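Going line by line, the protein sequences match chains G and X.
Going by the numbering used here, the first sequence opens with residue 1, and the numbers climb by one from there.
Going by the numbering used here, the second sequence opens with residue 154, and the numbers climb by one from there.
Even for Gly, the Cβ is constructed at its ideal location relative to N, Cα and C.
Since the structure is predicted, the reported quantities are computational estimates derived from the model, not experimental observations.
There are 2 protein chains.
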Amino acid sequence: MTSNGNGASGLGHGYYFEDLSVGMEASYAKKISNDDILAFADISGDINPVHLNDDFAAGTIFKQRIAHGFLTASLFSTVLGTKLPGPGCIYLSQSLKFRAPVHIGDEVVATLRVTSLDPEKARATLACAGAVNGKTVVEGEAVMMVDRRTPRQ
Amino acid sequence: MTSNGNGASGLGHGYYFEDLSVGMEASYAKKISNDDILAFADISGDINPVHLNDDFAAGTIFKQRIAHGFLTASLFSTVLGTKLPGPGCIYLSQSLKFRAPVHIGDEVVATLRVTSLDPEKARATLACAGAVNGKTVVEGEAVMMVDRRTPRQ
């Protein structure tokens with residue numbers, strides 16, 4: 001838990017619990033491509049035609065193909081695992097509310113903000129929001145366990 | 154919303170709300186490979202070294218590389234979007250509790266069960282569990298909006 005490995009990813013250890021404060025924020029932006037959707041369908045096995053088939057999607061409330069909700073929401077994990085708190089933290093829980101569809105070519109900006117810290121348990125709660133052109137498409141809350149810089153005895 | 158498209162995926166429309174009952178269950182199993190983890194890191198941008206770097210992972214509580222939690226949890230979306238309720242449903246929310254790590258080569262079985270139905274809103278709630286060798290690794294609850302066979306006036 002005290003490793004400061006610095007390998008293929010080029011990432012060392014993220015924030016330690018003592019370094020976090022309420023209000024800290026980090027973001028990650030990604031434009032969702034058709035290739036992303038095809039690759040996500042391949043990995044997950046989620047071949048729901050609303051993601052893959054233009055004709056099927058045209059007959060739904062969405063009118064066109066949409067990205068998998070989990071593809072969009074995975075950007076929360078990206079911020080958590082690479083920026084805030086970053087490598088070394090442990091994912092305990094995540095809630096997700098899907099507010100609006102994401103289409104091919106949309107740029108999703110995932111923004112996470114520390115909303116509370118539990119020093120007893122070394123846990124951080126973060127509010128998570130994913131937005132396209134400023135409109136929220138997915139939101140929720142993440143709870144992480146974060147390494148202490150100085151382990152308790 | 155009444156499309157019964159049957160395209161590239163070979164999937165038609167899933168269950169209509171009237172066809173669902175409490176207790177219905179469906180599963181999807183997938184063995185998580187190193188390639189899956191690399192592809193997920195590529196799509197999501199989540200290059201947390203606990204997923205990608207053996208040396209870093211060896212220094213964590215997990216001792217070895219683990220799959221992204223969202224990769225494992227995405228199997229819930231696979232069941233929802235392809236089996237129960239299946240194509241045509243709309244993802245409203247998902248909660249996730251990560252209980253244990255998933256390693257390369259682990260087979261995850263995602264099992265979803267309808268726990269409640271709201272006829273007024275045409276919403277179904279499903280309990281979600283992902284297990285490796287019978288041990289729960291991730292669990293949560295999904296809420297879906299499901300097409301009615303006979304739209305209300």
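Which one of Leu80/G, Lys63/G, Gly81/G and His51/G has the shortest CA to CA distance from Gly69/G? Taking the first sequence and counting its residues from 1, the one referred to as residue 69/G is at position 69. Cα-wise, what sits closest to Gly69/G is His51/G.
Give every residue of the same chain whose Cβ lies closer than 6 Å to the Cβ of Leu224/X, excluding the five residues on either side of it in the sequence, and list them in chain order. Locating residue 224/X in the second sequence gives position 71, counting from the first residue. Cβ neighbours of Leu224/X beyond the five flanking positions: Phe193.
### Query
Under a Cβ-count criterion, where at least 16 other Cβ atoms within 10 Å of its own Cβ denotes burial, should Thr82/G be classed as buried or exposed?
As a working mapping, residue 82/G is identified with position 82 in the first sequence. Burial call: buried.
Between Ser21/G and chain X, is there a C-beta pair that is closer than 8 Å? Position 21 of the first sequence, counting from 1, holds the residue named residue 21/G. For Ser21/G, the answer is no, since every Cβ of chain X falls outside 8 Å of its Cβ.
Q) What residues in the segment 244 to 262 of chain X have a beta carbon less than 8 Å from any beta carbon of chain G? A) Tyr244, Leu245, Ser246, Gln247, Ser248, Leu249, Lys250 and Phe251
Quick check: what's the CA-CA separation for Pro151/G versus Pro85/G?
Numbered from its first residue, the first sequence carries residue 151/G at position 151. Numbered from its first residue, the first sequence carries residue 85/G at position 85. One C-alpha to the other measures close to 17 Å.
- Task: Determine the direct distance from the alpha carbon of Phe209/X to that of Pro202/X, and round the result to whole angstroms.
- Result: Indexing the second sequence from 1 puts residue 202/X at position 49. Indexing the second sequence from 1 puts residue 209/X at position 56. Going from the Cα of Pro202/X to the Cα of Phe209/X covers about 6 Å.
task = Could you tell me whether the Cβ of Asn336/X comes closer than 8 Å to any Cβ of chain G?
result = Not covered by the structure: residue 336/X. The range shown for chain X is 154 to 306.
Please identify the residue among Gly12/G, Ala131/G, Ser27/G and Pro87/G whose C-alpha is closest to the C-alpha of Met144/G.
As a position in the first sequence, residue 144/G is number 144, starting the count at 1. Considering only alpha carbons, the answer is Pro87/G.
Under 9 Å (Cβ pairs) to chain G, residues found in the segment 220 to 238 of chain X: His221, Gly222, Phe223, Leu224, Ala226, Ser227, Leu228, Phe229, Ser230, Thr231, Val232, Leu233, Gly234 and Thr235
- prompt: Would you call the CB atoms of Phe251/X and Ser116/G closer than 8 Å?
  reply: Translated into the one-based positions of the second sequence, residue 251/X becomes position 98. Translated into the one-based positions of the first sequence, residue 116/G becomes position 116. Taking a C-beta distance under 8 Å as the contact criterion, Phe251/X and Ser116/G do not qualify as a contact pair.
Next on the checklist: Quick check on Leu279/X: does DSSP put it in helix, strand or coil?
Outcome noted: On the second sequence, residue 279/X is found 126 positions in, with the first residue counted as 1. In this structure, Leu279/X counts as strand in the three-state DSSP scheme.
request  = Flag this pair as yes or no: are the beta carbons of Ala277/X and Leu173/X separated by less than 8 Å?
outcome  = Here residue 277/X corresponds to residue number 124 of the second sequence, with the count starting at 1. Here residue 173/X corresponds to residue number 20 of the second sequence, with the count starting at 1. Cβ atoms of Ala277/X and Leu173/X: closer than 8 Å.
task = Taking C-beta pairs closer than 7 Å, name the residues in chain G that Val203/X reaches, listed in chain order.
result = Taking the second sequence and counting its residues from 1, the one referred to as residue 203/X is at position 50. Simply Pro87.
| query | Gly45/G versus chain X: which residues are under 8 Å apart at the beta carbon? | reply | As a first step, residue 45/G must be located in the first sequence, where it is residue number 45. Tyr181, Lys183, Leu228, Thr231 and Thr235, listed in chain order.
- Query: Would you report the Cα separation of Ala275/X and Tyr16/G, rounded to the nearest angstrom?
  - Reply: The count along the second sequence starts at 1 and reaches residue 275/X at position 122. The count along the first sequence starts at 1 and reaches residue 16/G at position 16. Whole-angstrom Cα-Cα distance: 45 Å.
**Per DSSP, cross-strand counterpart(s) of Ile243/X** = To locate residue 243/X, count along the second sequence from 1; it is residue 90. Residue pairing for Ile243/X: DSSP places it in a beta bridge opposite Met298/X.
_Between Phe76/G and Ala131/G, how many whole angstroms is the CB-CB distance? I'm expecting something under 8 Å._
Within the first sequence, residue 76/G is the residue found at index 76, counting from 1. Within the first sequence, residue 131/G is the residue found at index 131, counting from 1. At roughly 12 Å, the Cβ-Cβ gap does not stay under 8 Å, so Phe76/G and Ala131/G are not in contact.
- Message: Just to confirm the assignment, what range does the alpha helix (DSSP H) spanning Thr82/G have?
- Response: Numbered from its first residue, the first sequence carries residue 82/G at position 82. Counting along the chain, the alpha helix (DSSP H) containing Thr82/G begins and ends at Gly69 to Thr82.
| Would you say Phe17/G faces chain A, with C-beta separation under 8 Å as the test? | Absence of chain A from the displayed structure is noted, the protein chains being G and X.
**Q.** Of the residues Asp199/X, Asn286/X, Glu178/X and Glu292/X, the one placed nearest His256/X, counting alpha carbons only
**A.** What you label residue 256/X is simply residue 103 of the second sequence in a count that begins at 1. The shortest Cα separation from His256/X among Asp199/X, Asn286/X, Glu178/X and Glu292/X belongs to Asn286/X.
Along chain X, in chain order, which residues have C-beta atoms closer than 9 Å to that of Leu126/G? Indexing the first sequence from 1 puts residue 126/G at position 126. Per Cβ cutoff of 9 Å: no residues; Leu126/G is ~14 Å from chain X at best.
field: CB contact below 8 Å: Leu11/G versus chain X
entry: Within the first sequence, numbered from 1, the residue matching residue 11/G stands at position 11. Yes, contact with chain X.
For this session: Could you tell me which residues DSSP puts in a beta bridge with Arg266/X?
Result: Here residue 266/X is taken as the residue at index 113 of the second sequence, counted from 1. Note: Arg266/X sits in a beta bridge opposite Glu178/X and Ala280/X.
**Request:** Flag this pair as yes or no: are the beta carbons of Ala179/X and Leu265/X separated by less than 8 Å?
**Result:** Locating residue 179/X in the second sequence gives position 26, counting from the first residue. Locating residue 265/X in the second sequence gives position 112, counting from the first residue. Yes. Within cutoff.
- Task: Whole angstroms is fine: what's the gap from Val175/X's alpha carbon to Ser227/X's?
- Result: For this step, residue 175/X is matched to residue 22 along the second sequence. For this step, residue 227/X is matched to residue 74 along the second sequence. Answer to the nearest angstrom: the Cα atoms are 23 Å apart.
For this session: May I have the straight-line CA-CA distance separating Val108/G from Ile61/G, to the nearest angstrom?
Result: Walking along the first sequence from the start, residue 108/G turns up at place 108. Walking along the first sequence from the start, residue 61/G turns up at place 61. Roughly 21 Å between the two C-alpha positions.
TODO: Measure the beta-carbon distance from Asp189/X to Ile43/G and round it to whole angstroms, keeping in mind my assumption that it falls under 8 Å.
DONE: Here residue 189/X corresponds to residue number 36 of the second sequence, with the count starting at 1. Here residue 43/G corresponds to residue number 43 of the first sequence, with the count starting at 1. Indeed, because the Cβ distance is near 5 Å, the residues count as touching under 8 Å.
| Does Thr268/X come within less than 8 Å of chain G when only Cβ atoms are used? | Counted from its first residue, the second sequence places residue 268/X at position 115. Contact with chain G is absent for Thr268/X, since none of that chain's Cβ atoms lies less than 8 Å from the residue's Cβ.
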